[in-house]
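Following: one structure in structure tokens, then a few remarks.
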Amino acid sequence: MIWTITETLLTLSRWTELDILGKVTLMLVAGLAVSYLARRRPASARHLLLAATFGTTLALPLIVISAPELAIGIPVPRASSSAVSDIGAITSSAVVSSQWGNSTADQPQEARSWAMPSWKTVLRLVWMAGAMLLLLFLAVDIRRLRRLRRSGIPAPELRARMHELAAECGIHRPVELLLHEDIPAPLTCGISRPAILLPDDARTWTEDDLRRALIHELEHVRRADWAVQLLARAACACYWFHPLVWVAWRRLSLEAERACDDAVVQGEESTDYAEQLVSLARRLSKGPLQPALGMAHRSDLSTRVTAVLDASQTRGRASLLAAAATFGVASLVVTAIGPMRAVAQSAAIRAAASDAALFEAAERGDISGIERLLSLGANVNARLGGDGSPLIAAARNGHDAAVYLLLDRGANPNMPVSGDGSPLIMAARNGHLSTVRLLLGRGADIHMPVSGDGNPLIMAARGGDMEVVEFLLDRGANIEQVVPGDENALIEASASGHLPVVKFLAGRGANVNARVWVERNGNREGEWRTPLNMARKRGHGAVVAFLQSAGARE
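Under the numbering used here, the first residue of the sequence shown carries the number 1479, and numbering increases by one thereafter.
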């Protein structure tokens, strides 16, 4: 069971669209569950929860795509293929280079141009097509409402009454009141310039019926329900195939109507209003189709009537503080889970990721990062092929504080890594004198060679750093030490064309006629290398002239 859940999480994380859908599903389930648990609370509170839920579904894709990824390791019993493929995402600071090329890029262009689209591409296209179609329907509905509004008839005889009720409801912006023969029941539309549309026969309604209808619609205006409804419909279009999004939308619409019903019932007789709702149901059944953006659904009227007549129902408006807290919590939740991505993390991969992260922290000289990773169990003497070790990384970049900390935590100053030298070799090669001094003071071997990376003096001479060369010689470095493949200090300085270092080494007694046999390709064929022939081969005329003046011969 646990392994099945793990596999599901890993599958979702490997495809961005599935990752988004999984998180959207989580938010919808949470929103519907919390709204159900709040069934004893006012309808306005439940509507607020569902509105925040729809806000998170729209914000999630933006956060998943744009926010820096936060990888969450999922322990697995063994290093599966999926685990290996996700090793680069185990930690946000650890970058593990892939050793595999892009096979698709290596294929001939002709073969790729005729390839059938993958099933992922097909599903993406179907998803996008459905979303675009429903957004088009939404645009058509909005256009239809705009036409109804433009063709509506002003009702000046009702306007004064509406303004009076608007003031009582706390609405201080202008609200347009229109009559239309194609409207079977009252509805509200508009965001910046709201309007209430009433059936054409509203002039003949009783004073009480008109007042209750206007209070209900004005409450929609005060709560900005139409804007919320548009956002919810946009979310339904984006996730058109997800059943929970439609369930949440129906619940949102119902709770909006019930919240406005509560505003009416608090100042009116509930039985009279229930009768008016029943009459509204008859009008909807006999009249033309209600605009799709209307919040009232004929099938919900029985639920609304029951709630209106239920004296035990808690009623009231949601406060601004409650609204701010709800949307604040929703923002925190979606911001927290949006960047998260599940990745496979076996014991071996967790160790590799931790060591890679330690290496990167050492390379940056990040003291707090080094301390944190070591406290989590990272190996201070880990070897990373092609990168060295944490101590080598810190020494190579001259981060003395990091070198000191790693040494204090048990880093071996004489641990070589093939192809990356040793801490002292790397510090000397890059001219970090203070790091060289620190390492020697903590037990680094001044003569330790690494095949292919010479020794500290040879690398300092190759780099042309006079101060480091002089310091190493003063500390007892063997000026004639030979490392196979890297000859000796004078030969390397001559081959690199560092005339001041060549002169200094010769002045300190280096043999200008030193000869080192270098084999080629591991066989007996090779060549003798000397300071003079290497300087001549590399075209360093000034070095050649000096060596000849100092007695160098072929």
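Idealized CB from N, CA, C, for every residue including glycine.
Asked, Found
"The beta strand (DSSP E) spanning Gly2004 covers which residue range?", "2004-2007"
"In the DSSP assignment, find the unbroken alpha helix (DSSP H) run with Glu1654 in it and report its ends.", "Looking at the DSSP string, Glu1654 is not in any alpha helix (DSSP H); the run it does join, the beta strand (DSSP E), is 1654-1658."
"With C-beta atoms as the reference, is Val1928 less than 9 Å away from Val1881?", "no"
"Just checking my contact of Val1742 with Ile1674 at CB under 8 Å: how many whole Å lie between their CB atoms?", "Contact doesn't hold; Cβ gap of about 14 Å is too wide."
"Measuring alpha carbon to alpha carbon, tell me which of Ala1737, Trp1718, Arg1700, His1650 ends up nearest Arg1524.", "Ala1737"
"In chain order, what residues of the same chain have a beta carbon less than 6 Å from the beta carbon of Met1937, not counting five sequence neighbours either side?", "Ile1903, Ala1906, Arg1907"
"With DSSP collapsed to three states, give me the class of Ile1936.", "helix"
"What residues in its chain sit with their C-beta under 7 Å from that of Ala1801, if we drop five residues either side in the sequence?", "Leu1526"
"Does DSSP put Glu1495 in a helix, a strand or coil?", "helix"
"On the CB-based measure, 16 or more other CB atoms within 10 Å of its CB, does Val1618 come out buried or exposed?", "exposed"
"What first and last residue would you give for the alpha helix (DSSP H) that runs through Trp1597?", "1597-1628"
"Straight-line CA distance for Arg1993 to Trp2006?", "6 Å"
"Could you tell me the distance, in whole angstroms, from the CA atom of Ser1522 to the CA atom of Ile1661?", "26 Å"
"What does the alpha-carbon distance come out to for the pair Val1807 and Gly1816?", "14 Å"
"Quick one: Cα of Thr1813 to Cα of Arg1689, how far?", "44 Å"
"Which class does Val1996 belong to by DSSP, given the choice of helix, strand or coil?", "strand"
"Beta-carbon of Leu1836 versus every beta-carbon of chain D: anything under 9 Å?", "No chain D is present in this structure, which holds just one protein chain."
"Where does Thr1569 fall in DSSP's three states?", "Unreliable placement is indicated for Thr1569, whose pLDDT of 41 sits below 50; no coordinate value is reported for it."
"When you compare the CB positions of Ala1889 and Val1858, do they come within less than 9 Å of one another, or not?", "yes"
"Considering Leu1665, what are the terminal residues of the alpha helix (DSSP H) in which it resides?", "Looking at the DSSP string, Leu1665 is not in any alpha helix (DSSP H); the run it does join, the beta strand (DSSP E), is 1665-1667."
"What would DSSP say about Leu1771, mapped onto helix, strand or coil?", "Confidence at Leu1771 is low in this model, with a pLDDT of 46, below 50, so the placement of that residue is unreliable and no value is reported for it."
"According to DSSP, simplified to helix, strand and coil, what is Glu1747?", "coil"
"Applying the 10 Å Cβ sphere with the 16-neighbour rule, what's the burial state of Asp1679?", "exposed"
"Starting from Val1699, follow its DSSP beta bridges and name the residues at the other end.", "Answer by DSSP bridge pairing: none, since Val1699 is not bridged."
"Grouping DSSP H, G and I as helix and E and B as strand, with all else coil, what is Ser1558?", "With a pLDDT of 43 at Ser1558, under the threshold of 50, the predicted position of this residue should be treated as unreliable, though the coordinate-derived value follows. Ser1558 falls in the coil class under three-state DSSP."
"Name the DSSP bridge partner or partners of Ile1661?", "Paired residue(s): none; Ile1661 is not in a bridge."
"Among Ser1629, Gln2026, Leu1696, which one has its Cα closest to the Cα of Pro1652?", "Leu1696"
"Figure out for me which residue from Ser1780, Leu1616, Ala1856 has the closest Cα to the Cα of Asp1833.", "Ala1856"
"What is the DSSP secondary structure of Val1960, reduced to helix, strand or coil?", "coil"
"Grab me the residues of Gly1608's own chain with a C-beta within less than 7 Å of its C-beta, minus the 5 sequence neighbours each way, in chain order.", "Trp1718, Phe1719"
"Can the beta-carbon of Val1990 be found closer than 9 Å to that of Leu1950?", "no"
"Among Ala1530, Ala1663, Ile1649, which residue has its Cα nearest to the Cα of Val1756?", "Ala1663"
"Between the segment 1836-1843 and the segment 1868-1886, can you find at least three pairs of beta-carbon atoms closer than 8 Å?", "yes"
"Can you list, in chain order, the residues of its chain whose CB lies under 7 Å from that of Val2022, leaving out five sequence neighbours each side?", "Leu2010, Ala2013, Arg2014"
"Since Leu1676 is in the beta strand (DSSP E), which residue starts that stretch and which ends it?", "1673-1677"
"Spatial neighbours of Tyr1751 within its chain, please: C-beta separation below 8 Å, excluding the five flanking residues on both sides.", "Arg1690, Asp1739, Val1742, Val1743, Val1786"
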